[in-house]
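Everything below concerns the one structure shown next.
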Amino acid sequence: MVSVIACSKRPDFLVNLYRNFDQQQIPEKQLVLALHGLDGSVPDEIGNDPRCLVLHLPTEMPLGMCLNKAVKHSKFDVIAKFDDDDYYAPHYLFEAVAVLEKRQAEVVGKQSYLVYFKEEQLLAMLNPGKGDKQIRDDSDTLAGATLVFKKGVFEKVEFPRINIGEDLAFLDECRKQSIPIYASSPLHYIYIRYSNTHHTSDSGNNRLRKQCVPLLRTKNIAKYASVIWKGE
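Read left to right, the sequence shown gives residues 35 to 266 (my numbering).
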């Protein structure tokens, strides 16, 4: 049904990645994990699960190429890109597959979604009101960690061989190819912000916080991942 692809160079987040994958409420799934320059064994949860395939790729290989390798080793017709350090609620993939079918889209993801600032224990909403809509131009985009697409898209568009911005470039090329793109609801996914030094993106926590609507302070983000917030 769905092959989850992930590229990681952080051994401390592999268990988090596996738990997000394992809790997805869909009948068939596969995890293709591309270890980017990591040597050694994987956690037992991954190594002992026949649904998981581990690829050992060299550090010098661009991130986009690592993702392409993972797609080529996938066995299902739908591909979902996961980040190792975020939260994907149990019905995340169920919703994504349903949106692909209902909206006749070939790529889906999140434009409006929850953000959790871990150090402040603050849960907020980014881009409120921008869920459930078709993505048509450059003014709209999707979070790279939420991309779910039909494998047939890969016959036209691959991830570029770069280390930063490969997901945005992938979406731009999909637009140029007139591939239908749809933003799903803000539900079932939380982008977790750690310290600024943790992230590869150039968006600092202070700048990102100014773009968000604060909701509440909590230590239990799973409780709120699938809540419909006022105004959404």
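Glycine residues also receive a C-beta, built at the ideal position from the N, C-alpha and C atoms.
- When the alpha-carbon of E189 is set against those of A256, C208, F151 and L69, the nearest one is in C208.
- When DSSP reads this structure, R227 sits in a beta bridge with F151.
- For L69, same chain residues with a beta-carbon under 6 angstroms away, outside a window of 5 residues either side, are H90 in chain order.
- Fewer than three pairs of CB atoms, one per stretch, sit closer than 8 angstroms, so the segment 147-165 makes no contact with the segment 197-204.
- No Cβ-Cβ contact shorter than 8 angstroms links E129 with S229.
- Non-local C-beta neighbours of G98 in its own chain, meaning closer than 7 angstroms and more than five positions away in sequence, comprise F193, P194, R195, I196 and E200, ordered along the chain.
- Between L242 and R227, the C-beta gap is smaller than 8 angstroms, which places the two residues in contact.
- For V38, the CB contacts under 6 angstroms within the same chain, skipping 5 residues up- and downstream, are F55, L65, A114 and F116 in chain order.
- Comparing alpha carbon positions, the residue from I224, L48, K43 and S173 closest to Y147 is I224.
- C41 is bridged by DSSP to A68.
- Excluding sequence positions up to five before and after P61, its CB lies within less than 7 angstroms of the CB of M35, all in the same chain and listed in chain order.
- Between V49 and G74, the alpha-carbon positions lie close to 15 angstroms from each other.
- Contact annotation: the segment 132-142 touches the segment 178-185, with at least three C-beta pairs closer than 8 angstroms.
- M99 carries a helical assignment under DSSP once its states are collapsed to helix, strand and coil.
- Looking at A158, P77 and P214, the one whose alpha-carbon comes closest to that of P220 is A158.
- Residues of the same chain with a CB within less than 8 angstroms of the CB of V191, apart from the 5 flanking positions on each side, are F204, E207, C208, Q211 and I213 in chain order.
- By the beta-carbon neighbour count (other beta carbons within 10 angstroms, threshold 16), D111 is exposed.
- Taking 8 angstroms as the cut-off, the beta carbon of V88 is found no closer than this to the beta carbon of V105.
- For the pair V247 and Y150, the Cα-to-Cα distance works out to about 11 angstroms.
- For secondary structure counted as the alpha helix (DSSP H) over 4 or more consecutive residues, the segment 119-163 holds these complete runs in sequence order: 126-136.
- For V187, the secondary structure class from DSSP, reduced to helix, strand or coil, is helix.
- Burial state of D78 is exposed, judged by a 10 Å Cβ sphere holding fewer than 16 other Cβ atoms.
- Separation of C86 and W263 (C-alpha to C-alpha, rounded to the nearest whole angstrom) is 35 angstroms.
- Ranked by Cα distance from N82, the options D174, Y52 and Q59 are led by Y52.
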